[in-house]
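Counted the way full-length UniProt numbering counts, the sequence shown spans residues 1 to 199. A quick write-up on the structure given underneath.
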Amino acid sequence: MSPRRSVADTLETRQRILERSLAIASAEGLEGLTIGRLADELGMSKAGLLGHFGTKEGLQLAVVDEAAAVFSREVPERVKQAPSGLRHLRAVCEAWVSYLEREVLPGGCFFTAATTEFDGRDGRVRDALAGMNALWRRDLRIHIRRAMSFGELPGDTDVDQLIYEIVGIMLALNHFLQLEHDAAAPARARKAIRRLLGG
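Quick look at the structure:
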């Protein structure tokens, strides 16, 4: 086997591990990831699986990164062509609702589940989750401030309050979809977003 093929195979195997791990973690939490279970499901040895990540914490951190990549692809990347300002903010919110509505991950929003699991702990995984959430709030803040600068939102808009309410709507949507299996939840989320942002 050529070195190039060997590298490609290694990357494919790593991606397969991450995709399965993310599916499990979205439904059962990051602590639901056990090396033995993953090795059995993927037909690998425990040592072979750990060789890609070093430790269970290394695997968990890689899953956080993979979850961020999936979210980025499904939400901000889907609307990157939307006009700047309020229309972009609305498009982001619609993509976010759609992401949860389409059940891209079997357990719903990975970050909602993982943040609840790790928010009371210390450590690198908790810090990684907090960092990803902070980056996303920063992006929302940028879109809101642009809408304000264009005169599409009032100049005295409380940016932090608006972010709080948008995130709250999405948390409620994930709850009602995952726990209640409420098919009306996406429509309710869209109605709540319209009350906040118009349109």
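Built from N, CA and C at the ideal position, the CB exists for glycine as well.
Contact between the stretch 122-135 and the stretch 34-42 is absent: fewer than 3 CB-CB pairs across the two stretches fall below 8 Å. Shown here, residue 44 sits in coil according to DSSP, grouped into three states, outside any helix or strand. For residue 63, the enclosing alpha helix (DSSP H) covers residues 56-74. Burial check for residue 85: the Cβ neighbour count within 10 Å reaches 16 or more, so the residue is buried. Cβ atoms of residue 141 and residue 163 come within 8 Å of each other, at about 6 Å. Going by DSSP, residue 130 is part of the alpha helix (DSSP H) stretching over 124-149. Sorting 148, 175 and 16 by C-alpha distance to the C-alpha of residue 97 places 175 at the top. Under the three-state reduction of DSSP output, residue 86 falls in the helix class. Per the C-alpha coordinates, the member of 103, 155 and 64 positioned closest to residue 183 is 103. Residue 93 carries a helical assignment under DSSP once its states are collapsed to helix, strand and coil. Here the alpha carbon of residue 61 sits roughly 11 Å from the alpha carbon of residue 22. Of all C-beta pairs linking the stretch 20-34 to the stretch 107-118, three or more are shorter than 8 Å, placing the two stretches in contact. Following the DSSP letters along the chain, one finds residue 188 inside the alpha helix (DSSP H) bounded by residues 185-197. In this chain, the alpha helix (DSSP H) harbouring residue 168 covers 159-178. Residue 135 is positioned such that its CB atom lies no closer than 9 Å to that of residue 144.
Take the alpha-carbon of residue 156 and the one of residue 146: they are about 13 Å apart.
If you ignore the 5 residues before and after residue 128, its C-beta comes within less than 7 Å of the C-beta of 61 and 64, all in its own chain and listed in chain order. The continuous alpha helix (DSSP H) containing residue 117 extends over residues 110-118. Between residue 79 and residue 92, the C-beta gap is smaller than 9 Å, which places the two residues in contact.
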